[in-house]
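Engineer: Below you will find the structure I want to go over with you.
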Amino acid sequence: GAGVSQSPSNKVTEKGKDVELRCDPISGHTALYWYRQRLGQGLEFLIYFQGNSAPDKSGLPSDRFSAERTGESVSTLTIQRTQQEDSAVYLCASSLAPGGYGYTFGSGTRLTVV
Amino acid sequence: RKEVEQDPGPFNVPEGATVAFNCTYSNSASQSFFWYRQDCRKEPKLLMSVYSSGNEDGRFTAQLNRASQYISLLIRDSKLSDSATYLCVVNMGPNDMRFGAGTRLTVKP
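Quick note, the sequences are listed as chains A and B, same order.
Last residue of the first sequence? That's 725 in our numbering, and every number before it is there in order.
Last residue of the second sequence? That's 645 in our numbering, and every number before it is there in order.
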């Protein structure tokens with residue numbers, strides 16, 4: 612597609628349930644990032660994928676968070692046993708190459724844990 | 537010191553005003569710098585890259601000061617539509633682009 616696509620756009624879940632968020636990057640973009648943005652706050656880096664290299668998971672806040680990406684295609688971010696503090700907008704971005712190029716963001720998934 | 541630090545604002549300016557934002561960064565080895573714009577409840581969008589020699593795009597001018605480790609964004613003749621949060625982005629390593637928390641700008645008629 613023309614842009615980065617994320618689904619669902621909104622998700623309300625009960626505390627303790629697992630959720631899966633999806634990101635479909637721009638075709639040909641080798642780098643894919645997940646960020647979290649809590650209400651009124653800045654972006655928080657979660658995880659980074661570059662081609663078939665091992666992902667940089669240094670930003671994942673706990674072992675309840677995991678992400679996968681197959682090659683240079685779709686990525687899924689999974690949050691297990693959701694907590695209220697997980698409520699945020701989860702943004703995915705892709706880039707032609709790591710580091711030196713601008714990112715294109717998807718419109719995000721707004722997660723609300725009740 | 538935070539890796540990337542911005543004045544959160546808000547900056548409230550009248551239409552036509554000139555406004556400038558600074559962003560400081562901690563890693564002297566950083567090589568890539570960007571300004572992003574984020575509208576309320578929207579995703580960030582790339583506004584402009586920041587080059588060593590400074591660069592201009594219409595009413596927007598970005599500058600880099602490596603010695604003092606800051607970048608700046610200058611907006612001239614501000615418009616109502618410039619109201620947004622402006623995010624500074626700096627690379628901390630090959631795989632690590634860090635976003636500042638953003639500076640909120642409101643342009644008033």
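Note that the Cβ used here is the ideal one computed from N, Cα and C, for glycine as well.
#1: Starting from the N-terminal side, write out each stretch of the beta strand (DSSP E) that is 3 residues or longer and does not extend beyond the stretch 540-607 of chain B.
#2: Give me the residue from E625(A), L702(A), G614(A), Q648(A) with the minimum Cα distance to Q691(A).
#3: List the endpoints of the continuous beta strand (DSSP E) containing L654(A).
#4: Is E579(B) close to chain A, meaning its C-beta is less than 8 Å from at least one C-beta of that chain?
#5: Compute the Euclidean distance between the alpha carbons of E541(B) and F635(B), then round it to the nearest angstrom.
#6: The beta strand (DSSP E) spanning A678(A) covers which residue range?
#7: Hey, N683(B) and Y622(B): beta-carbon distance below 8 Å or not?
#8: Taking 8 Å as the cut-off, does the stretch 547-557 of chain B touch the stretch 671-689 of chain A (at least 3 CB pairs, one atom from each stretch)?
#9: Run the CB neighbour count on Y587(B), radius 10 Å, all protein chains shown included, and call it buried at 16 or more, exposed below.
#10: List the endpoints of the continuous beta strand (DSSP E) containing Y714(A).
#11: Which residue wins for smallest C-alpha separation from D697(A), given the options D667(A), S616(A), L632(A), A613(A)?
#12: Starting from I690(A), trace the beta strand (DSSP E) in both directions and tell me its first and last residue.
#13: Looking at the secondary structure, which residues open and close the beta strand (DSSP E) in which R647(A) lies?
#14: Less than 8 Å between the C-beta atoms of L580(B) and R640(B), yes or no?
Structural biologist: By the coordinates alone:
#1: 540-542, 547-550, 555-561, 569-574, 581-585, 591-593, 596-601
#2: E625(A)
#3: 654-661
#4: yes
#5: 9 Å
#6: 676-680
#7: An answer regarding residue 683(B) cannot be provided, because it is not within the stretch 537 to 645 covered by chain B.
#8: no
#9: exposed
#10: Segment: none, Y714(A) is in no beta strand (DSSP E) and carries neither H nor E.
#11: L632(A)
#12: 686-690
#13: 642-648
#14: Looking at the sequence itself, residue 580(B) is Pro, so the reference to Leu does not match. Result no, Cβ atoms of P580(B) and R640(B) do not sit closer than 8 Å.
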